[in-house]
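In our numbering, the protein residues as written are 2 to 401. Glycine included, each C-beta is placed from N, C-alpha and C at the ideal position. Bear in mind the structure is a predicted one, so any value in this text is a computation, not a measurement. What follows is a short report on a single structure.
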Amino acid sequence: MKILVLNCGSSSLKYQIIDMSTKDVMCKGLCERIGIEGSKLTHKVPGKDDYVVEESMPDHTKAVRMVMDALTDAEHGVLKSVDEIDAIGHRVLHGGMKFNKSIVVTEEVKETIREYFDLGPLHNPANLMGIEAAEAAMPGKPNVAVFDTSFGMGMEPKAYTYAIPIEYLEKYSLRRYGFHGTSHDYVSHRAIEFAGLDPKTAKVIVCHLGNGASISASIGGVCVDTSMGLTPLEGLIMGTRSGDVDPAVVQYICTHEGKDVNEVLNMLNKKSGILGMSGGISSDFRDVEAAANEGNEKAEVALEAFRYRVAKYIGAYTAAMNGVDCICFTAGVGENDKHARKLICDEYLGYLGVKIDDARNDVRGQEAVISADDSKVKVLLLPTNEELKIAMDTQALVTK
Ligand code: AMP
């Protein structure tokens, strides 16, 4: 079975074709600047040069058509015809309270995704455009929506309810949802397989540390808690997002700088995190690390604060589950930065009996146990694979 995985942003579209018999990525690509001047498609096939098409893409429908052309191109394509695609899996940001798992797209599902435009104003409209564009380009093929919030729907009310008047939950579904759910779901289940843990009782913490960063706790693959909230702003310190702050900060800045709430939220989303803390050096952890290594104190504090916040959440989630069997690191920083992994574990997690094996930790981007044999908690590096998870859910639903 060949699955096309689509991840549509407001002006971009990422795609992959995954051959489910081998789980191999046959090709992947990116459409950029959709609806903006200078759009281009970059198509990558393993072992071949990139194929770049610069052509106007006024909307996602045109972008999907161009993807179809690239997939079937005589020289650069990987398919003879788009009929070889069995199903399309779509990443959808927000499934609100209605979707706790992936689902085959129907008119009703599309209507619900539309209802949640308010909760995911940047992503849900683009995700729906992607679905409709795929329906138009490949009539009759099943489309599956895979929600970034599904995994967080495992949380109990005590974890997801904000301590604000309950009418806001009842009226507007204002609650904690959690994001990066596809990644947390994939990595926590993979951890159970990889470490040979009991699939029903395993207590797993997944640290998804990238430009966006979040952490989750799950028992037997069911989410107990996760650090992002109503939006991806809550929780860990990220590349440009502040994570947890006292909401009174918003009011203080509004009053003293003459800004409105939207401007301050934009600042918390786009100009904060390690970018803001380092005094604007970069949102890229490598740049901030390089500055810290050259003695820049703000950069050093930003990175220390990032690790400290991760460790605090690990402590909190260990309490939430009354124990932990396995801690996993994933995403850009988690998969590539051995120093961050080592410092988080060595500086803060000794009381849990966590011991990192330096030789095992000297690894990047591949599945590995990085804890010592006598560590009381297994620590793993597990590369995330959101596209594969989307394809797996799609396959499972269309072959039912
Ligand atoms: P992601 O959002 O998962 O793609 O992660 C992107 C982040 O991972 C960027 O901030 C990168 O700087 C960071 N990253 C990638 N490689 C490394 C590395 N070797 N050391 C530190 N950070 C890294």
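Just so you know, the alpha carbons of His-61 and Ala-293 end up roughly 41 Å apart. With a cut-off of 6 Å, the C-beta of Ala-306 is classified as distant from the ligand AMP, since no heavy atom of the ligand falls inside that distance. Thr-183 counts as buried, since no fewer than 16 other beta carbons sit within 10 angstroms of its beta carbon.
Ala-218 and Met-67 have their alpha carbons spaced roughly 40 Å apart.
Less than 7 Å divides the Cβ of Glu-388 from the Cβ of Val-6. Shown here for Leu-123: same chain residues with a beta carbon closer than 7 Å to its own, the five before and five after excluded, namely Ser-11 in chain order. Going by DSSP, Ser-189 is part of the alpha helix (DSSP H) stretching over 182-196. Asp-25 is bridged by DSSP to Asp-20. Straight across, the Cα-Cα distance linking Ile-37 with Asp-51 is about 22 Å. When DSSP states are grouped into helix, strand and coil, Lys-271 belongs to the helix group. Spanning the alpha carbons of Asn-263 and Ala-137 requires a straight line of approximately 36 Å.
For Arg-115, the enclosing alpha helix (DSSP H) covers residues 108-116. Gly-213 sits close to Met-239, with the two beta carbons spaced by under 7 Å. For Cys-28 and Gly-211, the gap between their C-alpha atoms comes out near 24 Å. Of the other Cβ atoms in all chains shown, fewer than 16 fall within 10 Å of the Cβ of Pro-166; this residue is therefore exposed. Setting aside the 5 residues that flank it on each side, Met-154 is surrounded in the same chain by Asn-101, each with a C-beta closer than 7 Å to its C-beta; the list follows chain order.
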